[in-house]
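A quick write-up on the structure given underneath.
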Amino acid sequence: MLITHHTLAFAFGMLGNVISFLVFLAPVPTFYRIYKKKSTESFQSLPYLVALFSSMLWLYYAWLKKNAVLLITINSFGCVIEIIYIVLYITYATRDARNLTIKLFSAMNMGSFALILIVTNFVVHGPLRVQVLGWICVSISVSVFAAPLSIVAQVVRTKSVEFMPFNLSFTLTLSAIMWFGYGLFLKDICIALPNVLGFVLGLLQMVLYGIYKKGNKKSNKMEKNIPQEPLKNIVVASPMGTGEVFPVEEDEEEKKNQVEREEKKKQECEV
Numbered sequence: 001m002l003i004t005h006h007t008l009a010f011a012f013g014m015l016g017n018v019i020s021f022l023v024f025l026a027p028v029p030t031f032y033r034i035y036k037k038k039s040t041e042s043f044q045s046l047p048y049l050v051a052l053f054s055s056m057l058w059l060y061y062a063w064l065k066k067n068a069v070l071l072i073t074i075n076s077f078g079c080v081i082e083i084i085y086i087v088l089y090i091t092y093a094t095r096d097a098r099n100l101t102i103k104l105f106s107a108m109n110m111g112s113f114a115l116i117l118i119v120t121n122f123v124v125h126g127p128l129r130v131q132v133l134g135w136i137c138v139s140i141s142v143s144v145f146a147a148p149l150s151i152v153a154q155v156v157r158t159k160s161v162e163f164m165p166f167n168l169s170f171t172l173t174l175s176a177i178m179w180f181g182y183g184l185f186l187k188d189i190c191i192a193l194p195n196v197l198g199f200v201l202g203l204l205q206m207v208l209y210g211i212y213k214k215g216n217k218k219s220n221k222m223e224k225n226i227p228q229e230p231l232k233n234i235v236v237a238s239p240m241g242t243g244e245v246f247p248v249e250e251d252e253e254e255k256k257n258q259v260e261r262e263e264k265k266k267q268e269c270e271v
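Under full-length UniProt numbering, think of the first position of the sequence shown as 1, with each following residue one higher.
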């Protein structure tokens, strides 16, 4: 019995669905923390808005393509779970963060998506419509990979993998392999191409983990008695709308500003 390209595409797509489903649930601990503390702390909503936008685009692409059912299943789930995250964020965010989230949602998830709908339905027609939308999806997917590159830079700078969990890096690599295989056997370059970058990036993260994991133990001992800094999330959306969550420390500039404010208060008290 010969294994056809369709069978292989289905197998890779099913595995991709399982992995992506688990990755979509990665932010659950973050939002449990938000719910428990009734505060979004220093977490940002932009990554979840981007992940939702990505899922919406891939869902629309799969609907136009008509033979990509497994893209529809995972990105339908992605849209639902990301909307839940965003609603929870808006519920517990400060007024400024809430207003910013609503503005971003209106501009990106409603405005930009509506513009893409108009262009693909009234400006381009026939097979060209799918091609244009596919390359829009590719461009969004590739741009999202800027987020994990900042984590890679932080690991090299600090020589510590504290904020780059191995299991998430491994998941990114595995997810990229599955969706690359799905795109390859489906003969869809728009699905396969971005996952080449996803695989390379995931592999790079695992290599760095192997190099700097010893340095992580040393830094843990040194920082044992230091108060824990507030964390914020970077969600890395892969080409199929999945996402990875990396907890990262507050921006260095924010820390400096906080130190300066504390020193200023001390000086005022002395005066």
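We put the CB at the ideal spot given by N, CA and C, even for glycine.
Just so you know, these numbers come straight off a predicted model, no measurement behind them.
Excluding sequence positions up to five before and after Ala-9, its CB lies within less than 6 Å of the CB of Tyr-182, Phe-185 and Leu-186, all in the same chain and listed in chain order.
The beta carbons of Thr-171 and Leu-203 sit about 13 Å from each other, so the pair does not count as a contact at 8 Å. Listed in chain order, the alpha helix (DSSP H) runs fully inside the region 124-151 are 127-144, counting runs of at least 4 residues. Here Pro-127 is exposed: its Cβ has fewer than 16 other Cβ atoms, across all protein chains shown, within 10 Å. Take the alpha-carbon of Phe-31 and the one of Ile-84: they are about 10 Å apart. Between Lys-159 and Tyr-212, the alpha-carbon positions lie close to 6 Å from each other.
Closest in C-alpha terms to Leu-115, from the list Asn-17, Leu-197, Ser-42 and Leu-57, comes Leu-57. Between the alpha carbons of Pro-194 and Glu-41 lies a gap of roughly 33 Å. The alpha-carbon separation between Trp-179 and Ile-90 amounts to approximately 32 Å. Distance check between Ala-51 and each of Leu-25, Ser-169 and Phe-122 places Leu-25 closest, using alpha-carbon atoms only. Boundaries of the alpha helix (DSSP H) around Pro-47: 46-65. Between the beta-carbon of Ser-175 and that of Met-206 there is about 13 Å, and that puts the pair past the 8 Å contact cut.
Nearest in C-alpha terms to Ile-74, of all of Leu-22, Leu-100 and Ser-39, is Leu-22.
The straight-line gap separating the alpha-carbon atoms of Ser-143 and Val-119 is approximately 21 Å.
In the DSSP assignment, Thr-101 falls within the unbroken alpha helix (DSSP H) covering 95-104. At the C-beta level, Tyr-48 and Glu-82 come within 9 Å of one another.
Counting C-beta atoms within 10 angstroms of its own C-beta, Asp-96 has fewer than 16 neighbours from the protein chains shown and is therefore classed as exposed. When DSSP states are grouped into helix, strand and coil, Val-119 belongs to the helix group. Listed in chain order, the non-local C-beta contacts of Ile-72 below 8 Å within the same chain comprise Leu-59, Ala-62 and Trp-63, local neighbours out to five positions each way being set aside. DSSP places Ser-175 in the uninterrupted alpha helix (DSSP H) bounded by 166-185.
In the structure shown, the three-state DSSP call for Phe-21 is helix.
The beta carbon of Val-155 is closer than 7 Å to those of Val-161, Met-164, Leu-208 and Tyr-212 in its chain, skipping five residues each way along the sequence.
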